[in-house]
Amino acid sequence: MKPPRKLHIKSYGCQMNVYDAQRMVDTLSGEGFVETASADDADLVILNTCHIREKASEKVYSELGRLRAAKEDAARSGREMRIAVAGCVAQAEGEEIIRRAPVVDVVVGPQSYHHLPDLLRRAETGARAIETEFPAEDKFAFLPQPRPDAIRARGISAFVTVQEGCDKFCTFCVVPYTRGAEVSRPVAKIVDDVKRLADNGVREITLIGQNVNAYHGEGTDGRSWPLGKLLHRIAEIPGVARLRYSTSHPNDVEESLIAAHRDLPALMPFVHLPVQSGSDRILAAMNRKHTVRDYRKVIDRFRAARQDIAFSSDFIVGFPGETREDFSATLALATQIGYAAAYSFKYSPRPGTPAAEMRETVSAADMDERLERLQGLIDSQQSAFNKAAIGNTVDVLFERAARNPGQIVGRTAYLQPAHVMASADIIGQVLPVRIDSLERYSLLGELAPSAHPTPAESSQTTTGA
Ligand code: SAM
Ligand code: SF4
129 MKPPRKLHIK SYGCQMNVYD AQRMVDTLSG EGFVETASAD DADLVILNTC
179 HIREKASEKV YSELGRLRAA KEDAARSGRE MRIAVAGCVA QAEGEEIIRR
229 APVVDVVVGP QSYHHLPDLL RRAETGARAI ETEFPAEDKF AFLPQPRPDA
279 IRARGISAFV TVQEGCDKFC TFCVVPYTRG AEVSRPVAKI VDDVKRLADN
329 GVREITLIGQ NVNAYHGEGT DGRSWPLGKL LHRIAEIPGV ARLRYSTSHP
379 NDVEESLIAA HRDLPALMPF VHLPVQSGSD RILAAMNRKH TVRDYRKVID
429 RFRAARQDIA FSSDFIVGFP GETREDFSAT LALATQIGYA AAYSFKYSPR
479 PGTPAAEMRE TVSAADMDER LERLQGLIDS QQSAFNKAAI GNTVDVLFER
529 AARNPGQIVG RTAYLQPAHV MASADIIGQV LPVRIDSLER YSLLGELAPS
579 AHPTPAESSQ TTTGA
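Just so we're aligned: the sequence shown equals residues 129 to 593 in this note's numbering.
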C-alpha cells in the first residue's frame, strides 16, 4: 500500500472558502491524501484564494513567492511538491497566475474543484492544468461526503452551502463574475448533509451562500422553497441545537424568514445584514436597489418578530463619489440601528466591475479617516452590547477547551466567545452561564447553578453529541 500523501490547504476570505477547503480535503482524501499543518512537508499545497479586495488578491502572489522556495527545497531532497491555486483569484486571474507564477501546477475555479483529482493527474505528467470554465454539471453531485472522523475532527459547528453565486451585480463586487450565477441546492440534499453532520456530533449549522436568503431550491414537494421554509425543515433534524445563516441581502428578506425567527427557537437571533452605506445616493451608485428607509423597515420587521434580535453588518467607506455628507449619513444609520458587531472596509476597485471605471475617487487620507471613525463607532457599539451581558444568564453552546487550563469556551447566541471553568464533558451542550465580566471581546462567567438545557434547546441537547 502506498504511504498517504500530504495535503496542506490555506484558505483566505469568506466562510464559503472555509467550507470549500473542507470539501477539497474530502475529495482528495479519496485519492490518498491526508492533511498536514505545514506547507513545507506537503506533497500538495492548495491556496484557496479570495478576490474580494485588492489586498486579499495580492496575498496570493506573495505566498506563492514563499512556496517557490519550499518547492525548491523539496526538489533538492528528492521530493516533488505540487502547488494549486483555487478559489476566486484562480477564477478571475487564472491565465495571469500561470504566466506570473511558474511555480503553480494547477489552477482551479470555485465551481470546478470536484475536478481536482483529474487536474492533479494531468499535472503529474508534467503539464500545467487550468480549469476556470463554469462547468455544466453541479459540483455538489460529484463531491464525496465527508468521513465521520473528518466531521468529528472539525468540531461541533459546521457550515453547509445551500446557495452559491449572485445575480445582483452591485457595482463594486466581483462575486457575480468569480462565483457565477445564483444557484440553490435542492432541500433533500441539504437535509441529507445536515443529518450526516448531526449524526456525527455537529450541534450548530450555519447555512451559507453569497446571497443566502435568495435561496429558492427545489423542495421535497417539487416546489421552490424559500430560506425560511428550509430553516423550518432543518430545525426538525434531531441533534441540531442551533441554526444560523449568512450572508443576507436586505432585498430578499421575505415573510417565511421573518416567521422562522418568530417560530424557531433553534434559529439564533443574530442576523448579518450588510448595508454598505447610509446614503441613498451611494446605495444607488452601488446598485444595491434599496434605500436607507427600506433597510430600516427590514430591521423593524425582524425586531417585531423577535425582540432579542441583534444585527451585524458590512460597510464600505470611500466608494467613488462618497462625500462627507454621505459618510455622515452612514455614521447616522449605524448609530440609529446600534449593531452588535460589524465589518467595515475601504473601497477597493476591482478590475472588471463598473465602480472601477468611476472617476470621482476618494483620497486615501479621507478613506483612512472615515474607516477609523466608523470602526470607532462600531467598536463602541460592540463593547456596549457585550457589557450588557454582564450580570445576565445566557445560553452558551460549548465548543472546545480554551487556551487557559481548565477553561472551556463556547459561544452565545450572538457569537460572543464565553469562557467558564468546567470539565470537557460540557463540550457540545447548550448550558446557561451567568456572565461575570468581560475581557476584551470575551465574556467570562460560570455555569448557572441550575445548569440545564433551556426548554428551547433541551430536546436536542441530549441527542447527537
Ligand atoms: N453578499 C453580501 C452582500 O450583499 O452584502 C456580501 C458579500 S461580499 C463577499 C462581503 C463584503 O465585502 C461586502 O458586504 C462588502 O462590504 C465587501 N466588499 C465587496 N466588494 C468590495 C470592494 N470592492 N471593496 C471593499 N469592500 C468590498
Ligand atoms: Fe456582491 Fe453581495 Fe452585491 Fe452579490 S449582493 S454583488 S455578493 S455584494
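Idealized CB from N, CA, C, for every residue including glycine.
Could you give the distance in angstroms between the alpha-carbon of Glu567 and the alpha-carbon of Ala512? Mapped onto the sequence shown, residue 567 falls at position 439. Mapped onto the sequence shown, residue 512 falls at position 384. CA-CA distance, Glu567 to Ala512, rounds to 13 Å.
Give the DSSP-derived three-state secondary structure of Gly215 in the structure shown. Counted from its first residue, the sequence shown places residue 215 at position 87. Helix, per DSSP.
Answer yes or no: the CB of His377 versus the heavy atoms of the ligand SF4, is any distance below 7 Å? Sequence index remark: in the sequence shown, residue 377 carries index 249 (1-based). Correct: His377 has its Cβ closer than 7 Å to the ligand SF4.
Of all the CB atoms in chain C, is at least one closer than 8 Å to the CB of Asp523? Protein chains in the displayed structure number just one, and chain C is not present.
Alpha helix (DSSP H) containing Leu385: first to last residue? The count along the sequence shown starts at 1 and reaches residue 385 at position 257. Counting along the chain, the alpha helix (DSSP H) containing Leu385 begins and ends at 383-391.
Figure out for me which residue from Val558, Lys183, Leu571 has the closest Cα to the Cα of Val78. As shown, the chain starts at 129 and ends at 593. That puts residue 78 outside it, with no answer to give.
In whole angstroms, what separates the C-alpha of Arg133 from that of Thr540? As a working note, residue 133 is residue 5 in the sequence shown. As a working note, residue 540 is residue 412 in the sequence shown. Approximately 39 Å between the Cα atoms of the pair.
Around the C-beta of Arg207, are 16 or more other C-beta atoms found within 10 angstroms, so that it is buried, or is it exposed? Counting from 1 along the sequence shown, the entry for residue 207 is found at position 79. Flag for Arg207 reads exposed.
So, using beta-carbon positions, are Cys178 and Gly222 closer together than 8 Å? Start at 1 with the first residue of the sequence shown, and residue 178 comes out as number 50. Start at 1 with the first residue of the sequence shown, and residue 222 comes out as number 94. No, these two residues do not count as a Cβ contact at 8 Å.
Pro545 - DSSP class collapsed to helix/strand/coil: Residue 545 sits at position 417 when you count from the first residue of the sequence shown. It is a strand residue.
Give me the Cα-Cα distance between Pro354 and Gly345, rounded to the nearest whole angstrom. Taking the first residue of the sequence shown as position 1, residue 354 is located at position 226. Taking the first residue of the sequence shown as position 1, residue 345 is located at position 217. Going by the C-alpha atoms only, they are around 7 Å apart.
For Arg351, name the three-state secondary structure that DSSP assigns. The count along the sequence shown starts at 1 and reaches residue 351 at position 223. Coil.
Among Gly519, Ser551, Leu525, nearest to Asn532 - alpha-carbon criterion: As a first step, residue 532 is located in the sequence shown; it is residue number 404 there, counting from the start. The shortest C-alpha separation from Asn532 is found at Ser551.
Shorter than 7 Å, the distance from the beta carbon of Phe473 to the closest heavy atom of the ligand SAM, or not? If you number the sequence shown from 1, residue 473 lands on position 345. Yes, since a heavy atom of the ligand SAM falls inside the 7 Å radius drawn around the Cβ of Phe473.
Evaluate contact between the stretch 354-373 and the stretch 264-277, counting only Cβ atoms and requiring at least three cross-stretch pairs below 8 Å. The stretch 354-373, when compared against the stretch 264-277, does not touch it at the 8 Å Cβ threshold.
Which residue's Cα is closest to the Cα of Gly230: Tyr241, Gly283, Ile211? Position 102 of the sequence shown, counted from the first residue, corresponds to residue 230. Just to set this straight, residue 230 is Pro in the shown sequence, not Gly. Looking at the Cα atoms, Ile211 is the closest of the given residues.
State yes or no: is the C-beta of Ser472 within less than 8 Å of the C-beta of Phe443? For the purposes of this step, residue 472 is taken as residue 344 along the sequence shown, with counting starting at 1. For the purposes of this step, residue 443 is taken as residue 315 along the sequence shown, with counting starting at 1. Contact: yes.
Given 8 Å, three or more beta-carbon pairs between the stretch 245-257 and the stretch 186-198: In short, these stretches do not touch, since the Cβ pair count stays below three.
According to DSSP, simplified to helix, strand and coil, what is Ala369? Translated into the one-based positions of the sequence shown, residue 369 becomes position 241. Looking at Ala369 - three-state DSSP - the assignment turns out to be coil, as it is neither helix nor strand.
Is any heavy atom in the ligand SF4 found nearer than 7 Å to the beta carbon of Phe297? Sequence index remark: in the sequence shown, residue 297 carries index 169 (1-based). True, at least one ligand heavy atom lies under 7 Å from that Cβ.
For His400, which of helix, strand or coil comes out of DSSP? Within the sequence shown, numbered from 1, the residue matching residue 400 stands at position 272. Strand.
Whole-angstrom distance between Val399 and Glu450, CA atom to CA atom: Working through the sequence shown from its first residue, we reach residue 450 at position 322. Working through the sequence shown from its first residue, we reach residue 399 at position 271. Cα to Cα, Glu450 sits roughly 27 Å from Val399.
Glu500 - containing beta strand (DSSP E), residue span: Residue mapping note: residue 500 aligns to position 372 of the sequence shown, counting from 1. Counting along the chain, Glu500 falls outside any beta strand (DSSP E), though it belongs to the alpha helix (DSSP H) covering 492-515.
Sufficient close CB pairs (3 or more, under 8 Å) joining the stretch 328-343 to the stretch 366-386: yes
Runs of 3 residues minimum, wholly inside the stretch 423-458: which ones carry the beta strand (DSSP E) assignment? 438-445
Would Ser508 pass as a contact of Tyr467 if the rule is Cβ separation under 8 Å? For this step, residue 508 is matched to residue 380 along the sequence shown. For this step, residue 467 is matched to residue 339 along the sequence shown. Against a cut-off of 8 Å, the Cβ pair of Tyr467 and Ser508 comes out as no contact.
Quick one: does the C-beta of Phe262 sit closer than 7 Å to a heavy atom of the ligand SAM? The sequence position of residue 262 within the sequence shown is 134, counting from 1. For the ligand SAM, not one heavy atom lies less than 7 Å from the Cβ of Phe262.
Taking the C-alpha atoms as reference points, what is the distance between Asp436 and Pro397? Sequence index remark: in the sequence shown, residue 436 carries index 308 (1-based). Sequence index remark: in the sequence shown, residue 397 carries index 269 (1-based). Going by the C-alpha atoms only, they are around 7 Å apart.
Under the rule that 16 or more other beta-carbon atoms within 10 Å means buried, what is Gln150, buried or exposed? As a first step, residue 150 must be located in the sequence shown, where it is residue number 22. With 16 or more other Cβ atoms within 10 Å, it is buried.
Taking all protein chains shown into account, decide if Pro448 is buried (16 or more other Cβ within 10 angstroms of its Cβ) or exposed. Numbered from its first residue, the sequence shown carries residue 448 at position 320. Burial call: buried.
Bridge partner(s) assigned by DSSP for Arg487: Within the sequence shown, residue 487 is the residue found at index 359, counting from 1. BP columns for Arg487 are empty, so no partner.
Does the beta-carbon of Val201 have 16 or more other beta-carbons within 10 angstroms, so that it is buried, or is it exposed? In the sequence shown, the residue the question calls residue 201 occupies position 73. Checking the sequence, you will find Asp at residue 201 rather than Val. Asp201 is exposed by the Cβ-count criterion.
When you measure from the CB of Arg630 to every non-hydrogen atom of the ligand SAM, does any distance come out below 7 Å? Beyond the ends of the chain as shown, which are 129 and 593, falls residue 630; an answer cannot be given.
Would you decide whether Arg204 is buried or exposed? Buried here means 16 or more other CB atoms lie within 10 Å of its CB. Taking the first residue of the sequence shown as position 1, residue 204 is located at position 76. When all chains shown are included, Arg204 counts as exposed.
Compute the distance between the beta-carbons of Ala326 and Gly283, then report whether it is under 8 Å. Position 198 of the sequence shown holds residue 326. Position 155 of the sequence shown holds residue 283. Cβ atoms of Ala326 and Gly283: not closer than 8 Å.
Inter-residue spacing [alpha-carbon to alpha-carbon] between Leu358 and Pro402: Working through the sequence shown from its first residue, we reach residue 358 at position 230. Working through the sequence shown from its first residue, we reach residue 402 at position 274. C-alpha separation (whole angstroms): 22 Å.
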